[in-house]
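K.L.:
The numbering used here applies: residue 94 is where the sequence shown begins, and numbers increase by one.
Built from N, CA and C at the ideal position, the CB exists for glycine as well.
Structure below; questions to follow.
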Amino acid sequence: MEILAPCAGPEHVRAAVYAGADAVYLGGKNFSARRNAANFGEYELKEAVSFCHAFGVKVYITVNILLRDNEMPSFREYLAQLAQAGPDALIVQDLGAARLIRAMLPDMPLHASTQMSVHS
Numbered sequence: 094m095e096i097l098a099p100c101a102g103p104e105h106v107r108a109a110v111y112a113g114a115d116a117v118y119l120g121g122k123n124f125s126a127r128r129n130a131a132n133f134g135e136y137e138l139k140e141a142v143s144f145c146h147a148f149g150v151k152v153y154i155t156v157n158i159l160l161r162d163n164e165m166p167s168f169r170e171y172l173a174q175l176a177q178a179g180p181d182a183l184i185v186q187d188l189g190a191a192r193l194i195r196a197m198l199p200d201m202p203l204h205a206s207t208q209m210s211v212h213s
């Protein structure tokens, strides 16, 4: 069993870790379904992952939107940023995004978003 906490911003990450979460999930400024949340910029993502890993807490980053063709170049850049941050897995909705992630980051674990149900 894993206690997984959603985190909309850095303060939520600290609260979840200090409260004993085994893992957290969070989204970046782009490519996340929770666009109205504070979310995390590139530096904040790296800091959150580093902080969580220091406490043995896993970090899953949401990439749980359907991508448009014109978003692919910036999505590729975002994946490179995520690779640098070092999350434990990505949570995906779009099967095309999953395929691109697999091509660019073959060792990155992928988790199916609950929103993936729109495919079936």
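Within its chain, find whatever has a CB closer than 7 Å to the CB of L198; leave out the 5 residues flanking it on each side and keep chain order.
P.N.:
Walking along the sequence shown from the start, residue 198 turns up at place 105. Excluding residues within five positions, the ones whose Cβ falls inside 7 Å are L172 and A176.
K.L.:
Mapping DSSP to helix, strand and coil, what is G121?
P.N.:
Walking along the sequence shown from the start, residue 121 turns up at place 28. In the structure shown, G121 sits in a strand (DSSP, three-state: E or B).
K.L.:
Since V185 and N157 should fall inside the 8 Å C-beta cutoff, what is the C-beta to C-beta distance between them, to a whole number of angstroms?
P.N.:
Counting from one through the sequence shown, the residue named residue 185 turns up at place 92. Counting from one through the sequence shown, the residue named residue 157 turns up at place 64. 6 Å between Cβ atoms; contact.
K.L.:
Put P103 into one of helix, strand or coil per three-state DSSP.
P.N.:
Here residue 103 is taken as the residue at index 10 of the sequence shown, counted from 1. Residue state, collapsed to three classes: helix.
K.L.:
By Cβ distance, which residues of its chain are closer than 8 Å to G134, with the 5 residues on each side in sequence left out?
P.N.:
What you label residue 134 is simply residue 41 of the sequence shown in a count that begins at 1. Excluding positions up to five away in sequence, the list reads G121 and K122.
K.L.:
From I96 to S167, what distance separates their C-alpha atoms?
P.N.:
What you label residue 96 is simply residue 3 of the sequence shown in a count that begins at 1. What you label residue 167 is simply residue 74 of the sequence shown in a count that begins at 1. Cα-Cα distance, rounded: 32 Å.
K.L.:
Would you report the Cα separation of A114 and R169, rounded to the nearest angstrom?
P.N.:
Position 21 of the sequence shown holds residue 114. Position 76 of the sequence shown holds residue 169. If I take the Cα positions, the gap works out to 30 Å.
K.L.:
Given P99, which residues of its chain have a CB within under 7 Å of its CB, disregarding the five upstream and five downstream residues?
P.N.:
If you number the sequence shown from 1, residue 99 lands on position 6. Cβ within range, chain order: Y118.
K.L.:
Nearest CA to the CA of N129: which residue from V152, A101, T207 and R107?
P.N.:
On the sequence shown, residue 129 is found 36 positions in, with the first residue counted as 1. Ranking V152, A101, T207 and R107 by Cα distance to N129 puts A101 first.
K.L.:
Does DSSP classify F168 as helix, strand or coil?
P.N.:
The residue labelled residue 168 in the question sits at position 75 within the sequence shown. Three-state DSSP puts F168 in a helix.
K.L.:
Between the Cα of P180 and those of V152, A205, E104 and R195, spot the shortest distance and give me the residue it belongs to.
P.N.:
Translated into positions along the sequence shown, residue 180 becomes position 87. Among V152, A205, E104 and R195, the Cα nearest to that of P180 belongs to V152.
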